[in-house]
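First residue of the sequence shown? That's 1 in my numbering, and the numbers climb one at a time after it.
Don't be surprised by glycine CBs; every beta carbon is placed ideally from N, CA and C.
From a predicted model like this one, the values you see are computed outputs, not experimental measurements.
Just below is one structure, and these are the notes that go with it.
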Amino acid sequence: MTNETDDKQKEQMDAYKRKLELLRVISIIVTTLILALAFFDQFPWMVLIDDNDISLSLANRLIFTLQLSFLDILPLLIAIGAVISQRFSTIAINPMDPRGHVFVEQRQRILQNTLEQLIIKFILSLILCTVLQSNELIILPVFTILFLVGRFTFALGYPNYRSFGITMNILSASFMIIIISYRLLIEGSLLQHIKSK
């Protein structure tokens, strides 16, 4: 009896792991495809600011990036609202009552993860906007869209099927880090400011 139960649980766990792996693979494919289309300028639109001038000043790049960050904040605001809503409708309204913790724990974890991902995305976006070429600025709103999709699929799939969303966010951040590192270190944008005495 115990062996049958153990075998059945192992089988269920293996099936669950296969589902998670499939979600990760799908997320990797979707994210990579979207970023490749954006990076190789295959979308039918482009980013134009400064009266349709394609060469953007640093100030306008930063303004554009900060305006995009408004959209990035939406998942955080929704996560905060979800925690508040759960607190008001349960005994968790009293944060000192340990019995209430179980009612908000899942939503607090989603909120915490969303805050962490937002900080990473925001900092990387600010750096990225300074190293992109003017014709590459379409990448910024694409990263924002991927961030939003990743956050919402993470929250909707939490706790069991969050891997699609978190993979999308981690992969997007990794691409941002690679682009920034390449521009600053390989192309020498960072090193051009360091001169010998």
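Could you give the DSSP three-state label for residue i: helix, strand or coil?
{"i": "Phe64", "result": "helix"}
{"i": "Glu116", "result": "helix"}
{"i": "Asn160", "result": "coil"}
{"i": "Ile194", "result": "coil"}
{"i": "Glu187", "result": "coil"}
{"i": "Ile138", "result": "coil"}
{"i": "Thr262", "result": "Outside the displayed range of the chain (1 to 197) lies residue 262, so it cannot be described from this structure."}
{"i": "Val47", "result": "coil"}
{"i": "Gln133", "result": "coil"}
Do residue i and residue j have their CB atoms nearer than 8 Å?
{"i": "Ser27", "j": "Met176", "result": "no"}
{"i": "Ile120", "j": "Ala173", "result": "yes"}
{"i": "Leu58", "j": "Thr130", "result": "yes"}
{"i": "Val104", "j": "Val83", "result": "yes"}
{"i": "Gln192", "j": "Arg151", "result": "no"}
{"i": "Leu74", "j": "Thr144", "result": "no"}
{"i": "Ile63", "j": "Leu146", "result": "no"}
{"i": "Ala155", "j": "Ile110", "result": "yes"}
What distance in whole Å lies between the Cβ atoms of residue j and residue i, which are believed to be in contact at a cut-off of 8 Å?
{"i": "Leu148", "j": "Ser125", "result": "With 8 Å as the limit, Leu148 and Ser125 do not qualify as a contact, their Cβ atoms being about 13 Å apart."}
{"i": "Ser163", "j": "Arg24", "result": "5 Å"}
{"i": "Ala79", "j": "Thr114", "result": "5 Å"}
{"i": "Ile138", "j": "Met13", "result": "Not confirmed; about 42 Å, so no contact."}
{"i": "Phe122", "j": "Ser85", "result": "About 25 Å; that fails the 8 Å criterion."}
{"i": "Ile127", "j": "Ile180", "result": "5 Å"}
{"i": "Tyr161", "j": "Gln106", "result": "Tyr161 to Gln106, Cβ: 13 Å. No contact."}
{"i": "Ile93", "j": "Arg99", "result": "Not confirmed; about 11 Å, so no contact."}
Mind checking which residues open and close the alpha helix (DSSP H) that includes residue i?
{"i": "Met96", "result": "Counting along the chain, Met96 falls outside any alpha helix (DSSP H), and DSSP gives it neither H nor E."}
{"i": "Phe39", "result": "Thr2 to Phe39"}
Does the distance between the C-beta of residue i and the nearest non-hydrogen atom of the ligand SAH fall short of 7 Å?
{"i": "Glu4", "result": "Of the ligands one can find in the structure shown there are none, so the ligand SAH has no counterpart to examine."}
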